[in-house]
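These notes concern the structure reproduced below.
Here it is in structure tokens:
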């Protein structure tokens with residue numbers, strides 16, 4: 002019984018975490034499309050703005066990845082801080098993801 006209640010608590014925590022990430026990504030998209038915040042600086046080309054969007058999106062995803070890994074360690078009872086380095090990121094997060102993100106954004110905004 003307590004195991005089932007624990008699973009429900011994990012579900013709620015996971016759902017809240019995913020919603021937060023989703024809202025951060027939506028807000029980043031709105032700032033990019035509306036050319037507001039850091040995307041409103043004069044003299045930036047579309048290419049530079051797109052690169053900035055990619056960097057910001059990857060930072061959000063990397064933050065979520067580190068939080069997820071930390072939660073997995075906590076659940077296993079071996080909570081140890083995970084350094085925010087590329088080695089802590091899942092395979093594919095980095096330049097390959099940046100090019101995929103750029104391709105997807107180009108298709109979406111064309």
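Residue numbers (the working numbering): 2 to 111.
In this text, a Cβ means the ideal position worked out from N, Cα and C, and glycines have one as well.
Predicted, not measured: the structure shown is a model, and the values here were computed from it.
Check	Outcome
Alpha-carbon spacing of residue 31 relative to residue 40, whole angstroms	10 Å
Where residue 43 falls, given that 16 or more other Cβ within 10 Å makes a residue buried	exposed
Cβ-based neighbour list, residue 61, same chain, cut-off 8 Å, excluding 5 preceding and 5 following	22, 25, 26 and 29
Reference residue 19, options 66, 78 and 50, closest by Cα	66
Length of the line joining the Cα atoms of residue 51 and residue 12	34 Å
Residue 46 versus residue 53: straight-line alpha-carbon distance, rounded	11 Å
C-alpha distance - residue 35 paired with residue 68, whole-angstrom precision	29 Å
Between the CA atoms of residue 38 and residue 14 - distance to the nearest angstrom	30 Å
Buried/exposed call for residue 1, threshold 16 Cβ in 10 Å	Not covered by the structure: residue 1. The range shown for the chain is 2 to 111.
Through-space distance from residue 33 to residue 77, alpha-carbon basis	39 Å
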